[in-house]
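These notes concern the structure reproduced below.
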């Protein structure tokens, strides 16, 4: 089974316009990665926003790939007839 990044690469090679992978609105700060560090709500919100954006990106790439595979299968079927 292909990963989403592999599917995105295949789609980009076929000329499809792939949306960029969502970036985090705030840069990651190492001080908040330490165990026991108090993370501000703004940082937590940025994580949640990116997580939601990544889910949407995943769905978009998956649906684009399904459409690509279906179109390719239809073309192969037409050529076989």
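Residue numbers (our numbering): 1 to 81.
Beta carbons: idealized from backbone N, C-alpha and C, even for Gly.
Residue i, enclosing alpha helix (DSSP H) - first and last residue
i	result
residue 26	That residue, residue 26, is in no alpha helix (DSSP H); it is neither H nor E in DSSP.
residue 10	4 to 13
Residue i vs residue j beta-carbon contact at 8 Å
i	j	result
residue 62	residue 19	no
residue 68	residue 14	yes
residue 54	residue 22	yes
residue 4	residue 58	yes
Residue i - DSSP class collapsed to helix/strand/coil
i	result
residue 34	coil
residue 61	helix
residue 16	coil
Residue from the options whose Cα sits closest to the Cα of residue i
i	options	result
residue 47	24, 77, 7, 72	24
residue 43	52, 35, 29	29
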